[in-house]
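J.: Per this note's numbering, the sequence shown runs over residues -18 to 516.
A virtual CB, placed ideally from N, CA and C, is assigned to each residue, including glycine.
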Amino acid sequence: MTKYVFVTGGVVSGLGKGITASSIALLLKARGYKVFMQKFDPYINVDPGTMNPIQHGEVFVTYDGCETDLDLGHYERFIDEELNYSSNITSGKIYKSVIEKERKGEYLGATVQMIPHVTNEIKNKIIEAGVSSNADIVITEIGGTVGDIESLTFLEAIRQMQHELGNEEIFIVHTTLVPFIYGSEELKSKPTQNSVKDLTGLGIYPNALVLRAPFATPASLKLKISTFCSVPLENIIDSIDVKNIYEIPINYYNQKIDEIILKQFKLDLKKADLKEWQNLINTVNNLKDEVSIALVGKYIELHDAYISVIESLKHAGYKFNYKVNIKFIDAENLEKPDVNLKEIFKDVTGILVPGGFGSRGIEGKIKAIEYARVNDVPYLGICLGMQLAVIEFARHVCHLEDATSTEFKETCANPIIDLMADQKYILNMGGTLRLGNYECTISKNTLAYNLYKTDKILERHRHRYEFNNNYKKILEENGLVLSGINEASNLVEIIEYPHHKFFIASQFHPEFKSRPTRPHPLFVGFIKASINNKK
-18 MTKYVFVTGG VVSGLGKGIT ASSIALLLKA RGYKVFMQKF DPYINVDPGT MNPIQHGEVF
42 VTYDGCETDL DLGHYERFID EELNYSSNIT SGKIYKSVIE KERKGEYLGA TVQMIPHVTN
102 EIKNKIIEAG VSSNADIVIT EIGGTVGDIE SLTFLEAIRQ MQHELGNEEI FIVHTTLVPF
162 IYGSEELKSK PTQNSVKDLT GLGIYPNALV LRAPFATPAS LKLKISTFCS VPLENIIDSI
222 DVKNIYEIPI NYYNQKIDEI ILKQFKLDLK KADLKEWQNL INTVNNLKDE VSIALVGKYI
282 ELHDAYISVI ESLKHAGYKF NYKVNIKFID AENLEKPDVN LKEIFKDVTG ILVPGGFGSR
342 GIEGKIKAIE YARVNDVPYL GICLGMQLAV IEFARHVCHL EDATSTEFKE TCANPIIDLM
402 ADQKYILNMG GTLRLGNYEC TISKNTLAYN LYKTDKILER HRHRYEFNNN YKKILEENGL
462 VLSGINEASN LVEIIEYPHH KFFIASQFHP EFKSRPTRPH PLFVGFIKAS INNKK
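1) The beta strand (DSSP E) with Ala189 in it runs from where to where?
2) Classify Asn302 as buried or exposed, calling it buried when 16 or more other Cβ atoms lie within 10 Å of its own Cβ.
3) Buried or exposed: where does Tyr163 fall if 16 or more other Cβ atoms within 10 Å of its Cβ makes it buried?
4) Figure out for me which residue from Met(-18), Asn449, Asn451 and Thr427 has the closest Cα to the Cα of Gly465.
5) Does the segment 102 to 114 come into contact with the segment 62 to 77, if we say contact requires no fewer than three beta-carbon pairs (one atom in each stretch) closer than 8 Å?
6) Would you report the Cα separation of Asn418 and Thr43, rounded to the nearest angstrom?
7) Note down the Cα distance separating Val334 from Thr92, rounded to an integer number of angstroms.
8) Mind listing, in chain order, the continuous beta strand (DSSP E) runs of no fewer than 3 residues lying wholly within the segment 212 to 238?
9) Could you check the C-alpha separation between Ile288 and Gly38 for me, to the nearest Å?
10) The alpha helix (DSSP H) spanning Ala429 covers which residue range?
11) Taking three-plus beta-carbon pairs below 8 Å as touching, is the segment 326 to 333 in contact with the segment 343 to 361?
12) For Gly366, which residues from the same chain have a beta carbon less than 8 Å from its beta carbon, with the 5 sequence-adjacent residues on both sides left out?
13) Can you list, in chain order, the residues of its chain whose CB lies under 7 Å from that of Pro213, leaving out five sequence neighbours each side?
14) Would you call the segment 14 to 26 and the segment 257 to 266 touching, i.e. three or more CB-CB distances under 8 Å?
15) Using alpha carbons as the reference points, say which of Gly460, Ile185 and Asp52 lies closest to His522.
16) If you drop the 5 nearest sequence neighbours on each side, which residues of the same chain put their C-beta closer than 7 Å to that of Ala2?
17) Would you kindly report the start and end of the unbroken beta strand (DSSP E) that includes Ile151?
18) On the three-state DSSP scale, how would you describe Arg445?
19) For a quick check, are the C-beta atoms of Ser58 and Asp239 less than 8 Å apart?
20) To the nearest angstrom, report how far apart Tyr280 and Val40 are at their CA atoms.
21) From which residue to which residue does the alpha helix (DSSP H) around Leu456 run?
22) Asp28 by DSSP, collapsed to three states: which one?
23) Following the continuous alpha helix (DSSP H) through Asn101, name the residue where it begins and the one where it ends.
24) CA-CA distance, Lys169 and Glu388?
25) Might you give, ordered along the chain, the residues of its own chain that have their beta carbon closer than 6 Å to the beta carbon of Asn225, omitting 5 neighbours on each side?
This is how it looks when you write it as structure tokens:
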């Protein structure tokens, strides 16, 4: 029978609920248990797919094509497991499901209410996560903080599950803040006490507390918190500042949080295998050199909009014992007539153009791609970064002056990038892109094949527009190589320019599959080329 761990938060946001949940999952997996992770978000949107990246950050895509919160990217990178449709549940998704059932008459004429109908739907999603993944233990993070009106139904569902299933099936971890007050020079426990009081006032009794503090809390403070919050002393865990986030699971392991959970679940305490993770920490703490990469984007006000790309660059750097420094460049600034590209890119040895939507900043990105191609600077393009690389090549090498995408200009002489046929009559924006895993066949004797070492790959997508096959011949005649094809739909997935140190771009999003202990081949090749370009 699947066991369930819930991670809640109090006092303030940003305490690290996601990292806590991921760390617990990693430790339980290291002990030989099959784990699965889930995130509950209280917003009314069905998913974050239509949200502005500058407000919400990156939209992470699962292998089965669900647009989800960026926290799922952290989960996958930590536990190296592929998550699915049941991993990200929003209030909007719950309400939509309840209303659809009501319209179908599934409630048999009953008055539909928050309790039991909405809370039952939430509990169904929790149970479904265990069933769909066949996991021994499901770890669920509840978004927001205790006291938020938006999260009350999620917390009520957890209360019901704790009451119905008991402590042998449910474990509640509550993360909270222990602030350091300058002047009196002391840590304060009152925010934690009040947060736990709010939680228990909702009928939920935490089994463990994770205290976010700048340094280890003294035994006397822990004893005080234990007494006031009715949590065993040994179940109060410090979450202190560390040199890098990969040390956090080891910090928790040393405080035996995984043992505490397994003991309550009455599960075997298998030996933990953390060797690979320890090696990663040692690598990250002892990087020998640095390399600088330009990321030319349109949402750079919020770096979280590119969090998976950022992490993937770092992962690839670890493979070569290099720290990757990222220079964020606003694509719109490159559109200014007096811009000096040589000056802007003088301190980087690689250029990356990531995904995005809309016409803003497009010409600036194209300028960056042209600079990379003409000056033989290693280039990696992702999704929109591939489409613009094709447009740049069509304009400046094939001399198709009006070459563009119908996303930016509906009528043009040369629509190098165009809507897929099955996208042309879609009205709804949400959930209608080409999403999730699609196969790609790679041609041999290409850069892509040298990087992947195979001719068949599965990669995740999130886009609506595609390469227009009517332009294959002229582009290939001028030297562009279409090295990856989705044979089922005859769609171009990877392009490259062989007369270059490193120039490759993909229609898919390789960043969604990169892991700190297993960096993605495209990023590995890009960072290797950028390091070599530095020498």
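T.: Taking the coordinates as given:
1) The count along the sequence shown starts at 1 and reaches residue 189 at position 208. Residues Ala189 to Arg193.
2) For the purposes of this step, residue 302 is identified with residue 321 of the sequence shown, where counting begins at 1. Under this definition Asn302 is an exposed residue.
3) For the purposes of this step, residue 163 is taken as the residue at position 182 of the sequence shown. Tyr163 is exposed by the Cβ-count criterion.
4) Residue mapping note: residue 465 aligns to position 484 of the sequence shown, counting from 1. Closest by alpha carbon: Thr427.
5) yes
6) Counting from one through the sequence shown, the residue named residue 418 turns up at place 437. Counting from one through the sequence shown, the residue named residue 43 turns up at place 62. Cα to Cα, Asn418 sits roughly 8 Å from Thr43.
7) Position 353 of the sequence shown holds residue 334. Position 111 of the sequence shown holds residue 92. Taking the straight line from one Cα to the other gives about 52 Å.
8) 217 to 220
9) To locate residue 288, count along the sequence shown from 1; it is residue 307. To locate residue 38, count along the sequence shown from 1; it is residue 57. In a straight line, the C-alpha of Ile288 is about 8 Å away from that of Gly38.
10) Looking up residue 429 in the sequence shown gives position 448. Per DSSP, Ala429 belongs to the alpha helix (DSSP H) from Leu428 to Tyr433.
11) yes
12) By one-based count along the sequence shown, residue 366 stands at place 385. So the list reads Leu333, Val334, Pro335, Gly336, Lys346, Ile350 and Ala486, once near-sequence residues are dropped.
13) The sequence position of residue 213 within the sequence shown is 232, counting from 1. Closer than 7 Å at the Cβ level, and outside the excluded window around Pro213, lie Ser207.
14) no
15) Residue 522 cannot be examined here, being either before or after the span of the chain that is shown, -18 to 516.
16) Here residue 2 is taken as the residue at index 21 of the sequence shown, counted from 1. Closer than 7 Å at the Cβ level, and outside the excluded window around Ala2, lie Val(-12), Met18, Ile120 and Glu122.
17) Counting from one through the sequence shown, the residue named residue 151 turns up at place 170. Segment Ile151 to Leu158, the beta strand (DSSP E) holding Ile151.
18) Position 464 of the sequence shown, counting from 1, holds the residue named residue 445. Here Arg445 sits in coil by DSSP.
19) As a working note, residue 58 is residue 77 in the sequence shown. As a working note, residue 239 is residue 258 in the sequence shown. Per the sequence shown, residue 58 should be read as Arg rather than Ser. No; because the gap between Cβ atoms is not below 8 Å, this pair is not in contact.
20) Start at 1 with the first residue of the sequence shown, and residue 280 comes out as number 299. Start at 1 with the first residue of the sequence shown, and residue 40 comes out as number 59. One C-alpha to the other measures close to 13 Å.
21) For the purposes of this step, residue 456 is taken as residue 475 along the sequence shown, with counting starting at 1. Run containing Leu456: Lys453 to Glu458, per the alpha helix (DSSP H) assignment.
22) Taking the sequence shown and counting its residues from 1, one reaches residue 28 at position 47. Asp28: coil per DSSP, three-state reduction.
23) Within the sequence shown, residue 101 is the residue found at index 120, counting from 1. That run of the alpha helix (DSSP H) goes Thr100 to Ser114.
24) The residue labelled residue 169 in the question sits at position 188 within the sequence shown. The residue labelled residue 388 in the question sits at position 407 within the sequence shown. Rounded to whole angstroms, Lys169 to Glu388 spans 54 Å at the Cα level.
25) Counted from its first residue, the sequence shown places residue 225 at position 244. Closer than 6 Å at the Cβ level, and outside the excluded window around Asn225, lie Val265.
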